[in-house]
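In my numbering, the protein residues as written are 32 to 98.
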């Protein structure tokens with residue numbers, strides 16, 4: 032389930048296919064809700080702080096979750 036919501040984002044937006052995608056809030060204390068397999072290969076995991084995920088050597092696309 033870790034990659035499910037990220038896979039849905041990639042399915043809905045073909046430009047995201049093959050790129051690291053993170054589903055999270057854009058806030059200081061947010062955590063990763065889902066990460067695509069491409070993002071997971073860089074070490075991103077669910078429940079990881081979003082700030083920490085952004086520091087990894089990649090330029091992820093962050094899709095915001097609905098509040």
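We put the beta carbon where it would ideally sit given N, CA and C, even for glycine. Please read all numbers here as calculations on a predicted model, not as lab measurements.
Alpha carbon of residue i to alpha carbon of residue j, nearest angstrom
i, j, result
"residue 54", "residue 88", "18 Å"
"residue 41", "residue 71", "14 Å"
"residue 84", "residue 92", "11 Å"
"residue 33", "residue 39", "12 Å"
"residue 44", "residue 86", "24 Å"
"residue 74", "residue 49", "16 Å"
For residue j and residue i, believed in contact at Cβ under 8 Å, the rounded distance
i, j, result
"residue 81", "residue 52", "In fact, because the Cβ distance is near 13 Å, the residues do not count as touching under 8 Å."
"residue 66", "residue 76", "7 Å"
Assigned exposure category for residue i - 16 Cβ within 10 Å defines buried
i, result
"residue 37", "buried"
"residue 94", "buried"
Counterpart residues of residue i in DSSP-defined beta bridges
i, result
"residue 78", "Paired residue(s): none; residue 78 is not in a bridge."
"residue 39", "Paired residue(s): none; residue 39 is not in a bridge."
"residue 92", "52"
"residue 65", "54"
Cβ of residue i within 8 Å of any chain D Cβ
i, result
"residue 92", "Given the protein chain composition of this structure (a single chain), no chain D is represented."
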